[in-house]
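Novice: Before I ask anything, let me first share the structure, which is written out below as structure tokens.
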Amino acid sequence: MSIRELPFLTQINLRAEPDQRMPQRLADVLGLALPLTPNTVASSANHRALWLGPDDWLIVGAADEARVIEHSMRDAVTGATASIVDVSANRTVMLIQGERAQELLAHGIAIDLHPRAFGPGRCAQTLLAKVQVIMERRSDDNAFHVYVRGSFTSYLADWLLDAVGRPE
51 MSIRELPFLT
61 QINLRAEPDQ
71 RMPQRLADVL
81 GLALPLTPNT
91 VASSANHRAL
101 WLGPDDWLIV
111 GAADEARVIE
121 HSMRDAVTGA
131 TASIVDVSAN
141 RTVMLIQGER
151 AQELLAHGIA
161 IDLHPRAFGP
171 GRCAQTLLAK
181 VQVIMERRSD
191 DNAFHVYVRG
201 SFTSYLADWL
211 LDAVGRPE
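Numbering of the sequence shown is given in the working numbering, commencing with residue 51 and proceeding in unit increments.
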């Protein structure tokens, strides 16, 4: 099992009431369609969009893309009621992967992480060890991205390391 930080990923929060053309314009810019099904993730080669609410998405990209993504998205939503905010500095991302990753996370989370309930391409806003996080299951069944506020990163890392050492 490995636990590591993926620092500085671009994270853009999009709040919007899509008009008739906006979803297609955003799809052209991002290379993916915004997910409309609750708690799902849409992915392309360069970006991911996490459904956070009926009019709320987190767009994730490489570390150096924030300005480009933000400006492209602003052009795509012209004329629509929308908010686009770079929240990259708000959270860091922890990659937890390996055969026991699901078991480790299950120690501190109330949602069912079994692949039948929370399979690849799913996300959820929840609590992990009493910390508000966004949990994303990656395409590999044994890999999770945990989006956590920077001020809670050390606490959560310590909790995870402690949980790894707990006997079964």
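Virtual Cβ for every residue (Gly too), placed ideally from N, Cα, C.
Tell me which residues share the same chain as GLN147 and place their Cβ nearer than 6 Å to its Cβ, disregarding the 5 neighbours each side in the sequence.
Specialist: Locating residue 147 in the sequence shown gives position 97, where the first residue counts as 1. Only SER52, ASN192 and ALA193 meet the Cβ criterion.
Novice: Count the C-beta pairs between the region 124 to 131 and the region 168 to 175 that are closer than 8 Å, then say yes if the count reaches three, no if not.
Specialist: Result no; under three Cβ-Cβ pairs closer than 8 Å.
Novice: THR87 to GLN61, Cα distance in whole Å?
Specialist: Walking along the sequence shown from the start, residue 87 turns up at place 37. Walking along the sequence shown from the start, residue 61 turns up at place 11. Taking the straight line joining both Cα atoms gives about 20 Å.
Novice: Hey, out of LEU80, ASN96 and ALA112, whose CA is closest to THR142's CA?
Specialist: As a position in the sequence shown, residue 142 is number 92, starting the count at 1. Checking every option, the nearest Cα to that of THR142 belongs to ALA112.
Novice: Put ASP125 into one of helix, strand or coil per three-state DSSP.
Specialist: The residue labelled residue 125 in the question sits at position 75 within the sequence shown. It is helical.
Novice: Just list the residues that DSSP pairs ASN63 with in beta bridges.
Specialist: Start at 1 with the first residue of the sequence shown, and residue 63 comes out as number 13. For ASN63, which the question treats as bridged, DSSP gives the partners LEU108 and VAL135.
Novice: Put LEU82 into one of helix, strand or coil per three-state DSSP.
Specialist: For the purposes of this step, residue 82 is taken as the residue at position 32 of the sequence shown. Reduced to three states, the DSSP call for LEU82 is coil.
Novice: What are the start and end residues of the beta strand (DSSP E) that includes LEU177?
Specialist: The residue you call residue 177 lines up with position 127 of the sequence shown. Taken as a continuous stretch (DSSP letters only), the beta strand (DSSP E) holding LEU177 covers 173 to 178.
Novice: For HIS121, does the count of other Cβ atoms within 10 angstroms reach 16, so buried, or fall short, so exposed?
Specialist: Taking the sequence shown and counting its residues from 1, one reaches residue 121 at position 71. Exposed is the call here.
Novice: Would you mind sorting TYR197 into buried or exposed? The rule is 16 or more other CB atoms within 10 Å of its CB.
Specialist: Taking the first residue of the sequence shown as position 1, residue 197 is located at position 147. Buried, since its Cβ has 16 or more Cβ neighbours within 10 Å.
Novice: Whole angstroms is fine: what's the gap from THR90's alpha carbon to ASN96's?
Specialist: The sequence position of residue 90 within the sequence shown is 40, counting from 1. The sequence position of residue 96 within the sequence shown is 46, counting from 1. Their backbone Cα atoms lie some 17 Å apart in a straight line.
Novice: Tell whether a beta-carbon distance below 8 Å holds between SER133 and ARG65.
Specialist: For the purposes of this step, residue 133 is taken as the residue at position 83 of the sequence shown. For the purposes of this step, residue 65 is taken as the residue at position 15 of the sequence shown. In this structure, ARG65 lies closer than 8 Å to SER133 by Cβ.
Novice: Specify the secondary structure class of PHE194 as computed by DSSP and reduced to three states.
Specialist: Counted from its first residue, the sequence shown places residue 194 at position 144. DSSP places PHE194 in strand when its eight states are reduced to three.
Novice: Would the beta-carbon of MET19 fall within 8 Å of that of LEU84?
Specialist: Nothing can be reported for residue 19: it is not among the residues displayed for the chain, which extend from 51 to 218.
Novice: Which term fits ALA116, buried or exposed, when burial requires 16 or more other beta carbons within 10 angstroms of its beta carbon?
Specialist: Translated into positions along the sequence shown, residue 116 becomes position 66. Buried, since its Cβ has 16 or more Cβ neighbours within 10 Å.
Novice: Over what stretch of residues does the alpha helix (DSSP H) that includes ALA151 continue unbroken?
Specialist: Translated into positions along the sequence shown, residue 151 becomes position 101. Per DSSP, ALA151 belongs to the alpha helix (DSSP H) from 151 to 156.
Novice: Looking at the strands, I want to know which residues DSSP matches up with GLN147.
Specialist: The count along the sequence shown starts at 1 and reaches residue 147 at position 97. Beta-bridge pairing links GLN147 to SER52 and ALA193.
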